[in-house]
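Asks:
Residue numbers (the numbering used here), protein chains in the order written: chain A, 10 to 275; chain B, 10 to 275.
1) Does the Cβ-Cβ distance between residue 115(B) and residue 102(B) come in under 9 angstroms?
2) Name the DSSP bridge partner or partners of residue 236(A)?
3) Let me know the secondary structure DSSP gives residue 169(B) once reduced to three states.
4) Quick one, which of 255(B), 259(B) and 126(B) has its alpha-carbon nearest residue 117(B)'s?
5) Give the residues from the stretch 45 to 61 of chain B that approach chain A closer than 9 angstroms (Cβ to any Cβ), ordered along the chain.
6) Have a look at residue 166(B) and residue 257(B) and give me their C-alpha separation to the nearest angstrom.
7) Residue 222(A) and residue 156(A) - do their beta-carbons sit closer together than 9 angstroms?
8) What residue from 50(A), 265(A) and 242(A) has the CA that sits closest to residue 172(A)'s CA?
9) What do you get for residue 10(B), buried or exposed, if any count of 16 or more other CB atoms within 10 angstroms of its CB means buried?
10) Tell me the residue span of the alpha helix (DSSP H) that contains residue 213(A).
11) Locate the alpha helix (DSSP H) running through residue 78(B), then write down its first and last residues.
12) So which residues of chain A does residue 167(B) contact, with C-beta pairs closer than 8 angstroms?
13) Checking contacts by CB at 9 angstroms: is residue 10(B) closer than that to chain A?
14) In three-state terms, what does DSSP make of residue 118(A)?
15) Would you call the stretch 59 to 69 of chain A and the stretch 138 to 158 of chain B in contact, with 3 or more CB pairs under 8 angstroms?
16) What residue range does the alpha helix (DSSP H) around residue 21(A) cover?
17) I want to verify the contact list: residues of chain B whose CB lies under 7 angstroms from the CB of residue 257(A), in sequence order.
18) Mark residue 265(B) as exposed unless 16 or more other C-beta atoms lie within 10 angstroms of its C-beta, in which case mark it buried.
19) Which residues of chain B have a Cβ atom closer than 9 angstroms to the Cβ of residue 73(A), listed in chain order?
20) Select from 178(B), 24(B) and 97(B) the residue whose C-alpha is nearest the C-alpha of residue 134(B).
21) Across the stretch 41 to 58 of chain B and the stretch 121 to 132 of chain B, are there enough close Cβ pairs to call them in contact, namely three or more that are closer than 8 angstroms?
22) If you reduce the DSSP assignment to three classes, tell me which class residue 254(B) lands in.
23) Please confirm whether residue 72(B) and residue 31(B) have their CB atoms less than 9 angstroms apart.
24) Using 8 angstroms as the Cβ pair cut-off and three pairs as the minimum, do the stretch 227 to 239 of chain B and the stretch 207 to 217 of chain B touch?
25) Rounded to whole angstroms, what's the CA-CA distance from residue 203(B) to residue 150(A)? Just pull it up for me.
26) With burial defined as no fewer than 16 other Cβ atoms inside 10 Å of the residue's Cβ, what is the status of residue 89(A): buried or exposed?
27) For the stretch 34 to 91 of chain B, list the alpha helix (DSSP H) runs that are entirely contained and at least 4 residues long, ordered along the chain.
28) Run through chain B and tell me which residues come within less than 8 angstroms of residue 186(A), C-beta to C-beta.
29) Would residue 202(B) count as contacting chain A if we go by Cβ distances under 9 angstroms?
30) Helix, strand or coil: which one does DSSP assign to residue 154(B)?
31) What does a CB cutoff of less than 8 angstroms around residue 136(A) pick up in its chain, not counting 5 residues either side in sequence?
32) I need the boundaries of the alpha helix (DSSP H) containing residue 138(A), first residue and last residue.
33) What does a CB cutoff of less than 7 angstroms around residue 84(A) pick up in its chain, not counting 5 residues either side in sequence?
34) Tell me whether residue 226(A) sits in a helix, a strand or coil according to DSSP, three-state version.
See below:
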């Protein structure tokens, strides 16, 4: 496997080639900087309308970037030449809402009735925050972002339902306005914060005990700022207990040819 | 039927009551100012995913405000207490892509597999333009907005496909920047212009001969500015030739309890 320093200079297409060949099967943060990475959800078409509805009703945690029609595995829009059965570094396969296992590709279990959803990922706005010299603590600490299950319910969409799950980044008080402004420009990758300060108001008892990911330090003069998290749709998906569904393995995202800046509003 | 001057002061709920009783069956522009009106598309659930996909891939002409699950006729989100079978002033019923006729209500032809889509309507941003003293010519002239079929294709969504259809408003050169800024704030009601000036570049040969609606005067020093139009999804819908679909009759919109300002971005 090439070292991360080498691969980080490659284009999205070159990285996807390595992934397809099985040469790269590690997490994707830091790869193809400047290009949008996406969450992937694949499920039979009988569930697709309900899932689409859940995402539409909860756009902050579930921003839909693209959808492939039933049976389609080639992506022609934001990553031409891609095969969704092979071009994600690692897949999670769920049956009846339970993880069955992970795979490096899903060609053998592909079904003609599979619909693929690509959802935006917060890597895009983190890059924008860093460009504005706003610290992103979990990146500084080399950790996964801390994630918390809140008491805020999502709106139901057919069989899919669940709570809003959030990520937390500690932001210095004097940079919160700028952090709101910057992330507001990226509604397709979770957008503006959903909550600022007072974690107890959204059902988070202890910041040092995240439900997923790693705890990070909140320093003197910093306020915890919460953004909607892409784990939200995964949790709602599993609550619906579809016979089968496939997602990327967390952190092992799909890398598109779309520039982060193309996802920004005016 | 009450005079428009009387009805224009009524709340959305009061107007919907009149519509439900059959007392009001006329067009809705100018009613419940400040509240969002919506385009309505109702079709069997076997077509719903394709139509959702078409809308998602063409968000400027087809901004989805809300979707009701299969068989649901009560709106609980943005207009509680509403029955979509009775609360639109007039409905168009299409079979196989052809207009069969119009109706004052659709209770008799309602099907348990009907899915209802509400799409944003440009009345919302016109109100915002007027507040900023930007002229809206067809309102000044008491006409319907001019609409044109362009040579810009929409992205296909399943069986639904068709060209982008645009509305045109002549804007004084020195107010175009402001018109772009204002309408950019309303992505859920067609948002920013899709084209400014040079109608021939998008396949419009003669502004005085719109494909739908009425021609309006373009004065010296004004530039024609084009916005995506809500007729686009209707045309794509009919191209797909669903066995049955129902829409509002043009101009006879669904009036929601949502404030226009709630549809604005930051």
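Think of the CB as a built atom: it goes at the ideal place given N, C-alpha and C, for glycine as much as any other residue. As the structure is a prediction and not an experimental result, all values here were calculated from the model.
Replies: The short version:
1) Residue numbering aside, residue 115(B) sits at position 106 when the second chain is read from its first letter. Residue numbering aside, residue 102(B) sits at position 93 when the second chain is read from its first letter. Going by C-beta atoms, residue 115(B) is nearer than 9 angstroms to residue 102(B).
2) On the first chain, position 227 is the one that residue 236(A) refers to. In the DSSP output, where bridge partners are listed per residue, residue 236(A) has 176(A).
3) Here residue 169(B) refers to the residue found at position 160 when the second chain is read from its first residue. Here residue 169(B) sits in strand by DSSP.
4) For the purposes of this step, residue 117(B) is taken as the residue at position 108 of the second chain. Comparing Cα positions, the closest option is 255(B).
5) 54, 57, 58, 59 and 61
6) Reading the second chain from its first residue, position 157 is the one you call residue 166(B). Reading the second chain from its first residue, position 248 is the one you call residue 257(B). Whole-angstrom Cα-Cα distance: 22 angstroms.
7) Along the first chain, read from residue 1 onward, the residue named residue 156(A) stands at position 147. Along the first chain, read from residue 1 onward, the residue named residue 222(A) stands at position 213. Against a cut-off of 9 angstroms, the Cβ pair of residue 222(A) and residue 156(A) comes out as a contact.
8) Taking the first chain and counting its residues from 1, one reaches residue 172(A) at position 163. Nearest of 50(A), 265(A) and 242(A) to residue 172(A), Cα basis: 242(A).
9) On the second chain, position 1 is the one that residue 10(B) refers to. Its pLDDT being 48, under 50, residue 10(B) is placed unreliably by the model, and nothing is read from it.
10) In the first chain, counting from the first residue as 1, residue 213(A) sits at position 204. Neither: residue 213(A) is in no alpha helix (DSSP H) and is coded neither H nor E.
11) Here the question's residue 78(B) lines up with position 69 in the second chain. Counting along the chain, residue 78(B) falls outside any alpha helix (DSSP H), and DSSP gives it neither H nor E.
12) On the second chain, residue 167(B) is found 158 positions in, with the first residue counted as 1. Result: 78.
13) As a first step, residue 10(B) is located in the second chain; it is residue number 1 there, counting from the start. For residue 10(B), the predicted structure reports a pLDDT of 48, less than 50, and the residue's modelled location is therefore unreliable. The matter cannot be settled from this model.
14) On the first chain, position 109 is the one that residue 118(A) refers to. If DSSP states are grouped into helix, strand and coil, residue 118(A) belongs with coil.
15) no
16) For the purposes of this step, residue 21(A) is taken as the residue at position 12 of the first chain. Element bounds for residue 21(A): 21 to 30.
17) As a first step, residue 257(A) must be located in the first chain, where it is residue number 248. Here the premise fails: no neighbours, minimum Cβ distance about 20 angstroms.
18) Residue 265(B) sits at position 256 when you count from the first residue of the second chain. Under this definition residue 265(B) is a buried residue.
19) Numbered from 1 along the first chain, position 64 holds the residue referred to as residue 73(A). Here the neighbours are 65.
20) As a first step, residue 134(B) must be located in the second chain, where it is residue number 125. When each option's Cα is compared against that of residue 134(B), the closest is 178(B).
21) yes
22) As a position in the second chain, residue 254(B) is number 245, starting the count at 1. Three-state result, residue 254(B): strand.
23) Taking the second chain and counting its residues from 1, the one referred to as residue 72(B) is at position 63. Taking the second chain and counting its residues from 1, the one referred to as residue 31(B) is at position 22. It is not a contact, given that the beta carbons lie outside the stated cut-off.
24) yes
25) Along the second chain, one-based indexing puts residue 203(B) at 194. Along the first chain, one-based indexing puts residue 150(A) at 141. So the alpha carbons of these two residues sit roughly 44 angstroms apart.
26) What you label residue 89(A) is simply residue 80 of the first chain in a count that begins at 1. By the 10 Å Cβ count, residue 89(A) comes out exposed.
27) 54 to 66
28) The residue labelled residue 186(A) in the question sits at position 177 within the first chain. By Cβ distance, chain B contributes nothing, its closest Cβ being about 12 angstroms from residue 186(A), past 8 angstroms.
29) Residue numbering aside, residue 202(B) sits at position 193 when the second chain is read from its first letter. Cβ-Cβ to chain A under 9 angstroms: no for residue 202(B).
30) Here residue 154(B) is taken as the residue at index 145 of the second chain, counted from 1. Coil.
31) Here residue 136(A) refers to the residue found at position 127 of the first chain. 42, 43 and 269.
32) Within the first chain, the letter at position 129 stands for residue 138(A). 132 to 140 is the extent of the alpha helix (DSSP H) around residue 138(A).
33) What you label residue 84(A) is simply residue 75 of the first chain in a count that begins at 1. Once the five neighbours on either side are set aside, the close Cβ partners of residue 84(A) are 77, 91 and 93.
34) The count along the first chain starts at 1 and reaches residue 226(A) at position 217. The answer is coil: DSSP assigns residue 226(A) none of H, G, I, E or B.
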